[in-house]
Structure formats: C-alpha cells, structure tokens
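Notes for the one structure printed next.
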Amino acid sequence: MSRIAYVNGRYLPFGEAHVHVEDRGYQLGDGVYEVCEIRDGALVDERRHFERLSRSLAALRIVPPLSSEPLRFVVAETVRRNRVREGLVYVQITRGVARRDHGFPERSPKAALVVTVRALDRAKIDASARTGISVITVPDDRWGRVDIKTIGLLPNVLARQAAKEAGAKDAWFVDDEGFVTEGASSNAWIVKDGILRTRESSSRILTGITMMVVKELAADLQIKVDLRAFTVEEVRAADEAFLTSATQTVMPVVRIDGSAVGSGRPGPLTTRLREAFYRKAELGRSIT
Ligand code: PDD
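So for the sequence shown, numbering that gives the first Met the number 0 puts the first residue at 0; every next one is plus one.
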C-alpha cells in the first residue's frame, strides 16, 4: 500500500507529494514541526503535542493554516489513510510560499501544512531498550531558542551523524559550562541514589512532552526529580541514565563516550519508568 501525505489541502501518494521551491521552510528553515506517536491506532499525548505546536507557531508569528479542530481532523485522517497502528505522525507548518527574502513577506502567505505518517518497528525499539544504547557528547552549538520546535535542525543532524560514525546511537549536547543540555532529538536524564535528574525547562532545551509525562509519572511513583543540569562526569558517575522522546519513550543509556554508566546495563528505575509510561500518557481514541 502506498504511503499518503497531506500537503496543503490534498491527500496525495508520496510520489506526487511536493512542496513549492519557494516554500520558506525549504529556503530558510522558516517553520515548525511536531512528532506524535501512534500506538494501538491512537495518538499518544495529542493534546500536549498540539499545545506545543501552537506555542512554536506563536513564537515565530506564523498564523496557523487551520484552526485546532480541522488540524486535528487532518492529522487523524492522514493516519487513517495510511492505516498505521504503530508509528509516528509528523506535522510540519512553514510560513508558506513567498519570493525569497529573509524578512517576513509583506503580505502574509498562507502557512504551508504537511502531514506524513510512518510505521515504527516497536520490536526493534524494545530490543534496544533491553540492552540500552550508547551516546557520545558533542558541543552544543545550536541557536539560543531551541525551546521552539523549529525545522532548523542542522546541528542535530550533524550530532546524530557524528554518533553514527562513532558507533553510538545518539549524541548528547554539552553547553559551554560542561553541562549536558539534551539529546539530538531527546531529553537527557540521569539517576543517582534513587533520584532522577534532568535539566529544568528553559530556552536551552526543548521541553519534551515525554519528559513532562515522565515527571508526572515519577511523582505518582513517589520518585524524586531534581531539576538540575548535570555534567558529563556526573553521567559517568551516575547509577543509571536514560533519554526520553516521543519516538523512544524512555530509552536506557548505558555508555557515554565509551564509558559505562552504572552497571553498563539498563537500570531498575529506568526500566520501571519505561514499563509504566503508558499508564500516564494520554491515549486518544483509536483512529485505525
Ligand atoms: N524530537 N529535544 C529535542 C531536540 C527533540 O528533537 C525532541 C523530540 C525532544 C523530546 O521531545 P518529545 O518528548 O516531545 O518527543 C527533546 C522528535 C521526536 C523528532 O525530532 O523526531
């Protein structure tokens, strides 16, 4: 079955799904996106993903191409037409098509909306979670507003590629003071003496939806969360480490820059949070 993409009002087979050469997303990275998990044919934490999308759009002063309800309908319909029950839905909104010029176009074009869906190999992700993954560290050379989920992801792309070339699964960014900010497409956590530690929300990280859910889950399980940045040295000395994202939920990190974290195997608190995650996540109605 061919994959279907929604592009500016039309549901199209991938081969025919194109955007204009002067789309400001393509030319200037002038746009935002969201990635939401599909589980058992339903969206996971849809409400919070759409809220963050609205915040990202407002931060860039992009007028949404559709209001909330029609947008949710389009996303659900794209998932339905792709018949994906386990996967991801990707929503991208750019400022639209205009003659290339850095400043905002004088007459606002209609924002461009693309929605794509892809299946996820859950067995493969679960297999990674059983062994845990390795990360490398890279200097955080991103811009100062990474709290906005923009499509300008070049430093993240280069970081992930560096990880791949080093035989690791992911890269963690480290700021000028030596503190881990976050992963290339995830939030970073450690566990020390039974306490979870992750960086406080600020313009230096993207506040992950998964991170928000894990914080609430930890409160339910009476596990303390310390909202404080940590150094790479502290990761090495930690009992456990993990990352969170919509694509991997809670993923154990067992090596950093080649050194083992804790026992070098997924730790008990990480495993408990991974197993309990869907108890706290908001599962929508089944679409497919
Ligand atoms: N990325 N930090 C960054 C830089 C991210 O790109 C992401 C998510 C996160 C975690 O956010 P959430 O828990 O809401 O997925 C943190 C998505 C999955 C991506 O770009 O594919």
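Cβ coordinates follow ideal geometry from the N, Cα and C atoms, glycine included.
May I ask you to report which of helix, strand or coil DSSP gives Leu-238?
Inspection of the sequence shows that residue 238 is occupied by Asp rather than by Leu. The answer is coil: DSSP assigns Asp-238 none of H, G, I, E or B.
Among Arg-141, Thr-230 and Pro-251, which one has its Cα closest to the Cα of Ile-204?
Arg-141
Residue range of the alpha helix (DSSP H) that Pro-154 falls in?
153-164
Among Ser-201, Cys-35 and Ala-165, which has the Cα closest to the Cα of Gly-143?
Ser-201
Contact between the segment 95-109 and the segment 119-136 is defined here as three or more beta-carbon pairs at a separation below 8 Å; is this criterion met?
no
If Ala-237 and Val-179 are in contact, beta carbons under 8 Å, what's the gap, nearest whole angstrom?
That pair is no contact at about 11 Å.
Please state if the CB of Pro-69 and the CB of Leu-309 are separated by a distance shorter than 8 Å.
Summary: the structure shown does not reach residue 309, with the chain confined to residues 0 through 287, and so no result is reported for it.
Apart from the five residues on each side of it in sequence, which residues of its chain come closer than 6 Å, Cβ to Cβ, to Val-6?
Ala-16 and Val-113
From Ile-3 to Leu-282, what does the alpha carbon distance come to, in whole angstroms?
Their Cα atoms are separated by approximately 23 Å.
Taking buried to mean at least 16 other C-beta atoms within 10 Å of its own C-beta, is Glu-164 buried or exposed?
exposed
When the distance is taken between beta carbons, is Glu-85 closer than 8 Å to Ile-37?
Result yes, Cβ atoms of Ile-37 and Glu-85 sit closer than 8 Å.
Terminal residues of the continuous beta strand (DSSP E) containing Arg-38?
Bounds of the beta strand (DSSP E) holding Arg-38 are 30-38.
Could you give the residue range of the alpha helix (DSSP H) that holds Thr-270?
267-279
Going by the C-beta, is Thr-243 closer than 7 Å to any heavy atom of the ligand PDD?
Yes, the beta carbon of Thr-243 sits closer than 7 Å to at least one heavy atom of the ligand PDD.
Measuring from the CB of Thr-269, is there a heavy atom of the ligand SAH at a distance below 7 Å?
By its list of ligands, the structure shown excludes the ligand SAH, since it contains just the ligand PDD.
I need the DSSP call for Ser-244, collapsed to helix, strand or coil.
strand
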